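Numbering (this note's numbering), first residue to last: 4 to 182. Notes for the one structure printed next.
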């Protein structure tokens with residue numbers, strides 16, 4: 004879904020993914036996907052229909068999650084070495100959930116809980132996630148940035164329905180000294 008979710012651990016610049024990506028970016032799930040085969044240098048895409056429950060979770064409703072990602076490399080054929088490896092991406096996910104979210108925690112890379120829902124919270128609404136990202140490589144330097152927003156609709160306890168929105172971003176840069 005997002006830039007760093009799609010990278011293997013060996014390709015990451017840092018030892019872990021950002022907290023916003025780990026907690027709100029859809030990742031492993033059962034479903035079907037179509038994607039480009041990289042024959043277009045300037046454009047890449049992936050679209051799929053998924054269960055929406057996550058890794059090793061069985062289906063609990065008839066609704067599915069629609070997830071898509073597009074990536075563009077607008078200057079790849081420009082002949083300018085400075086901008087030829089600039090990649091821009093956009094991702095979106097949308098689907099309905101009917102899940103108990105009580106005791107769900109959002110955690111840091113080291114599994115320290117930052118936020119935990121109360122036991123009595125259930126969700127009976129829609130989730131949407133969207134994100135923007137960019138990555139730029141130039142000689143021994145790389146820079147990346149990513150923004151994600153998650154919106155959960157109709158989280159319910161015994162008396163109230165609420166909507167939950169969370170967003171975040173990260174900026175990262177690296178410089179390779181040997182190579």
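Glycine is no exception: its CB is placed at the ideal position from the N, C-alpha and C atoms. Being a predicted model, the structure only gives us computed values, none of them experimental.
Within the continuous alpha helix (DSSP H) that includes residue i, where are the two ends?
i, result
"residue 183", "Because the chain here runs from 4 to 182, residue 183 falls outside it and cannot be looked at."
"residue 188", "The structure shown does not extend to residue 188, since the chain spans only 4 to 182, so no value can be given for it."
Could you check where the beta strand (DSSP E) with residue i kicks off and where it finishes?
i, result
"residue 130", "129-141"
"residue 37", "34-38"
"residue 69", "68-75"
"residue 53", "46-53"
Could you pull the DSSP bridge partners for residue i from this structure?
i, result
"residue 154", "131, 168"
"residue 83", "Paired residues: none, contrary to the question."
"residue 92", "74, 136"
So, using beta-carbon positions, are residue i and residue j closer together than 9 Å?
i, j, result
"residue 92", "residue 6", "yes"
"residue 23", "residue 170", "yes"
"residue 149", "residue 11", "no"
"residue 128", "residue 151", "no"
"residue 75", "residue 45", "yes"
"residue 132", "residue 29", "yes"
Where does residue i fall in DSSP's three states?
i, result
"residue 12", "helix"
"residue 114", "coil"
"residue 30", "coil"
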